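1 is the number of the first residue of the sequence shown in full-length UniProt numbering; add one for each residue after it.
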Amino acid sequence: MKIKSSVRYQFNGDRLAPQKGTMRPSGGDSPPPLCPRFQIPHRGRGIDIPPRPFQRRTSASPASADPFRGTVAAAEGDPGRGKYEETQARVFIAALPHTARLGWTESALIAGARDVGVSPAIVGSIPRKDAALVEVIKSRFASPIIDQRDELKNELKDLTLSDRLTKLIRIRLEMQAPYIAKWPQALSIQAQPANLPNNFKQRAELIDEIWHAAGDSGSDFDWYLKRTILGGIYSTTEVYMLTDHSPDFRDTWVFLDRRVKDAFDLQKTVQEAAYLAEAVGAGVGNTVKGFMAGIFPGSK
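Okay, here's the thing in structure tokens:
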């Protein structure tokens with residue numbers, strides 16, 4: 001007759017064994033095995049492995065919307081992957097001249113692949129083809145402002161802040177003039193929900209670089225407001241440029257100059273803010289004036 005009872009087990013070294021004073025099941029039953037999740041072979045024995053602690057993902061440098069930033073780091077120890085991503089980057093760069101005719105499309109990427117002598121099949125492995133193509137060109141547009149910041153300092157040092165900002169925005173927008181016929185398509189692609197995060201990130205980085213190149217490196221309370229104002233000016237000017245048929249976009253630069261000067265026309269800006277405050281009965285007209293004076297020195 002078999003005796004059925006609850007048998008308690010305890011660790012004896014690196015294996016389970018019945019506790020003393022309890023009855024071993026009949027029939028030569030072996031102790032229950034350790035949970036497979038925590039058991040690995042180690043010299044023929046099972047050892048208990050604690051769960052791996054949570055590890056926070058970190059980045060050695062600020063993230064960027066540029067799809068090719070960090071290619072070398074990502075391919076460390078994997079030369080094949082690095083070479084493949086380098087080839088993809090060459091395809092993107094070669095595709096840019098074709099966008100004037102083919103737009104921000106897979107066809108432009110295929111034409112770029114042929115130009116660099118690789119199989120067009122590589123385009124099939126590129127995620128977010130049209131959006132990535134737009135992001136690449138916008139990243140290249142920002143490079144002169146970043147790379148030539150020291151040279152621009154000498155060129156801008158005798159200008160007022162508003163004139164410095166106007167010049168820097170114009171430098172950036174002039175770069176997209178050769179692509180203007182297809183630029184509405186580029187803006188439409190970046191406005192798609194899946195592409196908005198990278199679009200906002202690139203725009204924020206560009207506006208920040210423009211402010212720094214203009215000589216503003218503050219990190220105080222008004223940092224966000226300054227960039228919000230300039231971002232709005234940049235976006236409206238970019239859209240205005242799409243419908244400008246004047247020679248060399250002359251009307252666009254007049255529009256830009258007025259928008260920037262309006263933002264720095266402190267008497268007008270502060271007075272409008274004060275009127276708005278009075279209209280809603282807030283009674284904070286003087287507070288608004290003081291706040292704006294702190295943001296743009298020279299207000300009255």
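From the three backbone atoms N, C-alpha and C, an ideal C-beta is built for every residue, glycine too. Just so you know, these numbers come straight off a predicted model, no measurement behind them.
Residue from the options whose Cα sits closest to the Cα of residue i
i: residue 209; options: 104, 122, 168; result: 168
i: residue 201; options: 213, 138, 103; result: 138
i: residue 262; options: 98, 193, 230, 246; result: 230
i: residue 144; options: 170, 185, 113; result: 170
i: residue 96; options: 207, 136, 228; result: 136
i: residue 99; options: 184, 156, 203; result: 184
i: residue 156; options: 223, 247, 225, 213; result: 213
Residues near residue i in its chain [Cβ-Cβ closer than 7 angstroms; skip 5 each side]
i: residue 177; result: 249
i: residue 93; result: none
i: residue 341; result: A question about residue 341 goes unanswered here, because the residues of the chain that appear run from 1 up to 300.
i: residue 114; result: 120
Residue i versus residue j: straight-line alpha-carbon distance, rounded
i: residue 106; j: residue 123; result: 7 angstroms
i: residue 264; j: residue 162; result: 7 angstroms
i: residue 109; j: residue 117; result: 12 angstroms
i: residue 260; j: residue 125; result: 43 angstroms
i: residue 216; j: residue 166; result: 14 angstroms
i: residue 102; j: residue 111; result: 9 angstroms
i: residue 174; j: residue 236; result: 15 angstroms
i: residue 311; j: residue 142; result: Outside the displayed span of the chain (1 to 300) sits residue 311, for which this structure offers no information.
i: residue 134; j: residue 160; result: 33 angstroms
i: residue 253; j: residue 211; result: 19 angstroms
i: residue 256; j: residue 91; result: 35 angstroms
i: residue 223; j: residue 196; result: 22 angstroms
i: residue 233; j: residue 85; result: 36 angstroms
i: residue 158; j: residue 225; result: 25 angstroms
i: residue 104; j: residue 164; result: 32 angstroms
i: residue 151; j: residue 258; result: 26 angstroms
i: residue 61; j: residue 153; result: Reliability of the predicted coordinates at residue 61 is poor, the pLDDT of 36 falling under 50, and no value is obtained from them.
Neighbourhood of residue i by C-beta distance below 8 angstroms, restricted to the same chain and skipping five residues each side
i: residue 52; result: With a pLDDT of only 37 at residue 52, under 50, the local geometry of the prediction cannot be trusted, and no value is derived from it.
i: residue 227; result: 204, 207, 208, 211
i: residue 246; result: 252
i: residue 87; result: 116, 118, 122
i: residue 194; result: 128, 131
Residue i, DSSP secondary structure in three states
i: residue 98; result: helix
i: residue 307; result: Absent from the structure is residue 307, since the part of the chain shown begins at 1 and ends at 300.
i: residue 212; result: helix
i: residue 126; result: coil
i: residue 116; result: coil
i: residue 85; result: helix
i: residue 187; result: helix
i: residue 202; result: helix
i: residue 105; result: coil
i: residue 143; result: helix
i: residue 309; result: There is simply no residue 309 to check, as the chain begins at 1 and stops at 300 in what is shown.
i: residue 153; result: helix
i: residue 256; result: helix
i: residue 246; result: coil
i: residue 159; result: coil
i: residue 241; result: helix
Cutoff 6 angstroms; reference residue i; Cβ partners in own chain excluding five residues on either side
i: residue 251; result: 244
i: residue 199; result: 190
(Q) With three or more beta-carbon pairs closer than 8 angstroms as the criterion, would you say the stretch 128-135 touches the stretch 184-198? (A) yes
Q.
Check whether the stretch 179-186 and the stretch 237-247 touch, using three or more Cβ-Cβ pairs below 8 angstroms as the test.
A. yes
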